[in-house]
Amino acid sequence: RCAGRVEVQHSGRWGTVCDDDWGLPDAAVVCRQLGCGAALAAPPGAWFGEGSGPIWLNGLRCRGSEERLVLCRHRGWRPHICAHEEDASAVCSGGLQYPPTHGSLGPMPALTSASLPGGPTVRLVGAAGRCAGRLEIFHAGHWGTVCDDLWGLPDAAVVCRQLGCG
1 RCAGRVEVQH SGRWGTVCDD DWGLPDAAVV CRQLGCGAAL AAPPGAWFGE
51 GSGPIWLNGL RCRGSEERLV LCRHRGWRPH ICAHEEDASA VCSGGLQYPP
101 THGSLGPMPA LTSASLPGGP TVRLVGAAGR CAGRLEIFHA GHWGTVCDDL
151 WGLPDAAVVC RQLGCG
């Protein structure tokens, strides 16, 4: 299932979205843009763990019908005064069901994985879509890469399952 903390990339840097005014219409836009089906929930309060870096968006007011998150009303692209304990999350109805919406209308959001309690949070970066790219793991408050020594298909299969990518 596509579920996790909502993150957006702006000016080449990943950051989170504040949960002020965050609701199901906002999560619906994220789920649609990522090709993850319908929104089931928009949990507040860093439900999937606190992010790091800038909090790029705050006060999102989506109608729920927008094709992309950047088309929703918000308080501007800038670091906001909002603590990471307020990072927005989304729970979508399924895995990647169709190609996500791409284009020149702004950055692609991402959902960090809904990892097992106590387990690491992982993401794939640097490629189109959320199910391809370089593996990064969140540990001790920072994102880092994973060495490919002894890496193989069984390892990749675990990451794909953890991210809901099949």
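Heads up: the sequence shown is residues 1 to 166, going by UniProt numbering. Glycine included, C-beta positions come from ideal geometry on N, C-alpha and C.
Can you pull the DSSP bridge partners for residue 39? 92
On the three-pair Cβ rule with 8 angstroms, is the segment 37 to 50 touching the segment 66 to 74? no
Should residue 3 and residue 147 be called a contact, given that it needs their Cβ atoms to be closer than 9 angstroms? no
Can you give me the C-alpha to C-alpha distance between residue 90 and residue 25, rounded to a whole angstrom? 10 angstroms
By a C-beta neighbour count over all protein chains shown, 10 Å radius and 16 as the cutoff for buried, is residue 81 buried or exposed? exposed
Can you tell me whether residue 159 is helix, strand or coil according to DSSP? helix
What does a CB cutoff of less than 6 angstroms around residue 18 pick up in its chain, not counting 5 residues either side in sequence? Counting only Cβ-Cβ distances below 6 angstroms, and skipping sequence neighbours, we find 55, 58, 80, 82 and 86.
Let's see if you can read the secondary structure: which residues bound the beta strand (DSSP E) around residue 57? 55 to 57
How would you call residue 156, buried or exposed, if buried means at least 16 neighbouring beta carbons within 10 angstroms? exposed
Residues in the same chain with beta-carbon distance under 8 angstroms from residue 72, minus the five sequence neighbours each way, listed in chain order, please. 26, 29, 60, 61, 62, 63 and 66
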